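Q: To start, I am sharing the structure in question, which I have written as structure tokens.
In this note's numbering, the protein residues as written are 125 to 952.
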């Protein structure tokens with residue numbers, strides 16, 4: 125009886141120990157799969173980060189520059205067939221440009237809004253718009269797309285659900301979208317990066333062994349990918365029943381959802397990453413749940429691995445016989461022998477279990493076989509399988525770690541490698557970013573291999589100019605991060621800066637290369653907590669240097685960060701101010717010099733007074749509004765409010781033919797419903813078209829000459845006047861004056877302010893006056909502040925003027941019209 129009890133007792137222990145070790149092996153394999161999957165779903169974030177830094181560094185984003193950046197990312201940074209499948213950029217101007225990978229790694233398709241029709245999305249067969257058209261989508265309103273509106277309002281990254289592209293047939297895709305901001309923190313567009321769920325399914329198929337089933341689910345209902353999509357399409361199991369934490373898995377039947385196959389509580393990983401035990405009839409399975417997410421923690425996925433709990437039956441049969449003999453031997457030779465055998469039996473199992481816990485860990489030491497495991501062949505067999513699995517897992521992890529942390533061409537650490545190797549940057553006071561500006565050109569014209577050698581040659585020369593002990597990292601294809609050893613004072617930094625700048629002006633005699641680029645430095649103590657923020661500030665200095673031209677170097681100053689943050693805060697306040705209608709309008713008279721006391725014409729100006737910042741000058745917030753697109757809702761409000769105020773002003777006694785000048789921004793003018801909204805406001809407040817004069821700048825007219833001319837002719841025929849504002853300050857030319865309709869010229873105040881002392885400015889004014897006479901339109905001179913300036917302009921033949929001399933801008937209610945006009949009291 126004692127022998128049977130002991131035999132049953134030890135047999136149960138063995139089953140329990142072996143079961144725990146097998147579960148640990150399942151958990152390790154699930155860990156490896158989850159790491160590979162997370163590496164794949166993080167690629168869109170990495171690609172979007174690279175593109176965002178490049179776009180944010182430019183004040184003007186040309187289509188050619190955007191295409192070059194997209195091509196560089198697909199061809200140089202993410203070259204694998206199973207990398208991102210498509211990357212694109214949508215701007216607040218309504219333009220969309222994207223490159224899509226074809227099945228062949230070296231071929232791409234260009235997708236963009238048509239140059240002559242912003243509402244037409246064209247897919248080309250090649251990566252140039254000179255290639256044949258593959259597909260055209262009409263009535264494509266980018267700014268009305270739900271995802272674009274979400275990005276402009278949310279201002280944070282987000283993922284789409286799987287969907288089909290309207291521009292090309294590539295199966296189901298998922299898109300990572302992130303808003304883009306310029307150096308001032310203003311929203312300028314949205315970056316879209318696609319991945320294919322099929323790639324995840326193919327990877328799960330590749331690791332599917334012993335009839336395992338791997339499923340990636342989003343939330344509790346949607347299947348993202350699976351190791352066997354054919355069986356998944358008709359995976360059919362009745363609902364599972366839960367009894368004492370053991371789930372019965374019946375035979376397959378028909379037409380059941382994933383929620384019916386596996387209860388929702390099993391989808392959530394257990395504490396300690398222990399698999400759930402599941403039964404299908406008498407066969408036991410393990411269900412391992414793993415949480416998956418991306419870099420921004422936007423995805424809420426789980427990886428489910430359903431694995432047969434395949435402990436060989438002969439393992440227990442043989443071990444039972446051995447245990448019976450062992451126990452008889454122990455009973456025969458006494459308690460001392462029994463204790464000795466227990467130690468011999470449990471020691472190797474305990475050692476194997478201890479090492480099994482380290483499977484899959486990055487710092488796992490190579491598996492050391494136990495010297496006494498031969499007492500039990502089954503344990504030796506199990507340990508050998510664990511050793512093989514350990515080698516495979518560790519090799520895969522080390523390979524992946526090297527790919528992530530070391531650049532293949534230069535052997536320098538990547539950005540991830542820089543973060544991982546703290547000895548490269550700790551206890552250092554000076555760091556910086558060095559950009560090789562002509563690397564992308566080399567890659568695009570001469571090929572990636574030539575460009576990589578070009579970069580290696582640059583690094584060789586760069587090392588000669590750097591202090592001994594300087595650590596270099598390649599944080600982007602064309603940007604190197606450098607951390608300098610030692611203590612640096614102002615004079616030492618200036619000497620180092622001079623040596624670095626010389627790299628971009630001198631020709632190497634050994635390599636015969638000319639290098640172009642810039643450097644951004646930051647003088648700050650480095651540590652693991654502030655590294656990323658320090659490099660971000662260095663990038664602000666680098667961007668400042670790039671604005672000055674080739675070879676310039678800038679050292680980070682706090683004002684660079686403060687300016688960026690201030691613009692970002694102002695953008696948020698401006699958005700709230702538009703929503704809360706915190707603005708008001710003022711009126712500045714436009715005077716006819718033949719009758720300077722009676723006024724029948726004025727310009728409408730906007731003012732913003734906030735509780736937090738007080739008065740904010742229009743030139744500051746209008747510039748941000750134009751760059752971020754907020755000028756569109758702000759401009760609509762100005763038109764509506766101006767018409768309302770003018771109607772009230774006329775009711776108070778102003779002449780019925782009073783003409784109000786309203787400034788219109790180029791982006792606002794190009795809106796498809798601009799004319800309709802303007803005429804609707806005029807009619808709604810019972811005004812006439814002759815009451816309104818639109819002031820537009822030369823930049824508006826040069827946006828789309830043909831379309832602008834069409835709209836202006838239509839408005840002028842309806843009776844609305846057109847004034848060209850700030851004439852002479854931009855790219856004025858007789859060609860557009862000849863082709864476009866206008867009723868008034870307004871000369872820029874910069875020519876008027878010192879005309880009494882500057883003969884050249886006086887000559888410019890005289891020329892513009894002569895030009896206005898030839899076109900038979902009046903000239904309005906802005907910025908008249910003294911009686912002498914007014915008299916001089918009258919003598920030169922200028923008809924109309926405006927400025928502080930005739931009246932400062934006041935609210936409509938502060939002007940007091942009477943008898944069909946309102947009087948101006950001028951200084952004596």
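We treat Cβ as the ideally placed atom computed from N, Cα and C, and that holds for glycine. On a predicted model such as this, the values are computed, not experimentally measured, just so you know.
Taking Cβ positions, are residue 198 and residue 223 nearer each other than 8 Å?
A: In this structure, residue 223 lies closer than 8 Å to residue 198 by Cβ.
Q: Using the three-state DSSP reduction, which class does residue 720 fall into: helix, strand or coil?
A: Residue state, collapsed to three classes: coil.
Q: Where does residue 532 sit, in a helix, a strand or coil, going by DSSP?
A: Reduced to three states, the DSSP call for residue 532 is coil.
Q: Please report the Cβ distance between residue 819 and residue 788, rounded to the nearest whole angstrom; I am assuming they are in contact, meaning their Cβ atoms lie under 8 Å.
A: Contact flag correct, Cβ pair sits at about 7 Å.
Q: Which runs of the beta strand (DSSP E) at least 3 residues long sit entirely within the region 626–675? Give them in chain order.
A: Taking only runs of at least 3 residues, the beta strand (DSSP E) segments lying wholly in the region 626–675 are 641–647.
Q: Which residue spans inside the region 164–234 form an unbroken beta strand (DSSP E) run of at least 3?
A: Listed in chain order, they are 210–215 and 220–225.
Q: State yes or no: is the beta carbon of residue 409 nearer than 8 Å to at least one beta carbon in chain C?
A: Among the protein chains of the structure shown there is no chain C, as only one such chain exists.
Q: Please list the terminal residues of the continuous alpha helix (DSSP H) segment that includes residue 574.
A: Segment 572–589, the alpha helix (DSSP H) holding residue 574.
Q: Specify whether the region 207–219 and the region 299–315 touch according to this definition: at least 3 beta carbon pairs, one from each stretch, less than 8 Å apart.
A: Touching, per the Cβ criterion.
Q: Fully enclosed by the region 408–432, which beta strand (DSSP E) runs are 3 residues long or longer?
A: Entirely contained in the region 408–432, the beta strand (DSSP E) runs reaching 3 residues are, in chain order, 425–432.
Q: By the DSSP assignment, the beta strand (DSSP E) with residue 78 in it spans what residues?
A: Residue 78 is absent from the structure shown; the chain starts at 125 and stops at 952.
Q: With a threshold of 16 other CB atoms inside 10 Å of the CB of residue 597, please say whether the residue is buried or exposed.
A: So residue 597 counts as buried.
Q: From which residue to which residue does the beta strand (DSSP E) around residue 259 run?
A: That run of the beta strand (DSSP E) goes 257–261.
Q: Using a 10 Å radius around the Cβ and a threshold of 16 neighbouring Cβ atoms, would you call residue 275 buried or exposed?
A: Residue 275 comes out buried.
Q: Whose CA, out of 909, 170, 913 and 251, lies closest to the CA of residue 568?
A: Nearest C-alpha to residue 568: 251.
Q: Using the C-alpha atoms, what's the distance from residue 533 back to residue 576?
A: Rounded to the nearest angstrom, the two C-alpha atoms are 7 Å apart.
Q: Please state if the CB of residue 755 and the CB of residue 791 are separated by a distance shorter than 8 Å.
A: Result yes, Cβ atoms of residue 791 and residue 755 sit closer than 8 Å.
Q: How should residue 559 be labelled, buried or exposed, when 16 other C-beta atoms within 10 angstroms of its C-beta is the threshold for buried?
A: So residue 559 counts as buried.
Q: Whole angstroms are fine: how far does the CA of residue 236 sit from the CA of residue 156?
A: Going by the C-alpha atoms only, they are around 39 Å apart.
Q: Given that a residue counts as buried once 16 or more other Cβ atoms are within 10 Å of its Cβ, and exposed if not, what is residue 311?
A: So residue 311 counts as buried.
Q: Any idea if residue 684 is buried or exposed, counting beta-carbon neighbours within 10 angstroms, 16 or more meaning buried?
A: With 16 or more Cβ atoms within 10 Å of its Cβ, residue 684 is classed as buried.
Q: Keeping to the same chain, check which residues put their C-beta closer than 7 Å to that of residue 781; ignore five residues upstream and five downstream.
A: Contacts found: 724 and 814.
Q: Where do the N-terminal and C-terminal ends of the alpha helix (DSSP H) with residue 688 fall, by residue?
A: 682–704 is the span of the alpha helix (DSSP H), which, as asked, contains residue 688.
Q: Can you tell me whether residue 497 is helix, strand or coil according to DSSP?
A: Confidence in residue 497 is poor, its pLDDT being 49 and thus under 50, which makes the residue's placement too unreliable to answer from.
Q: Could you tell me which residues DSSP pairs with residue 298 in its beta bridges?
A: Partner(s): 319.
Q: Helix, strand or coil: how does DSSP classify residue 918 here?
A: It is helical.
Q: Give a yes or no on whether the C-beta atoms belonging to residue 623 and residue 676 are separated by under 8 Å.
A: No; because the gap between Cβ atoms is not below 8 Å, this pair is not in contact.
Q: Which residues bound the beta strand (DSSP E) around residue 246?
A: Element bounds for residue 246: 241–248.
Q: In angstroms with no decimal places, state the Cα-to-Cα distance between residue 868 and residue 690.
A: Distance between the alpha carbons of residue 868 and residue 690 is about 38 Å.
Q: Compute the distance between the beta-carbons of residue 606 and residue 644, then report whether it is under 8 Å.
A: Not closer than 8 Å, so no.
Q: Just list the alpha helix (DSSP H) runs in the region 788–828, keeping only unbroken ones of 4 residues or longer that don't cross its boundaries, in chain order.
A: Listed in chain order, the complete alpha helix (DSSP H) runs (minimum 4 residues) inside the region 788–828 are 790–793, 798–808 and 822–825.
Q: With 16 other CB atoms within 10 Å as the buried threshold, where does residue 829 fall?
A: Exposed, because fewer than 16 other Cβ atoms sit within 10 Å of the Cβ of residue 829.
Q: Just reading off the alpha helix (DSSP H) that residue 766 is part of, what are its end residues?
A: Element bounds for residue 766: 755–775.
Q: Quick check on DSSP: helix, strand or coil for residue 605?
A: Note: residue 605 maps to strand in three-state DSSP.
Q: Is the separation between the beta-carbon of residue 732 and that of residue 777 shorter than 8 Å?
A: Cβ atoms of residue 732 and residue 777: not closer than 8 Å.
Q: Cα separation between residue 413 and residue 545?
A: Their Cα atoms are separated by approximately 32 Å.
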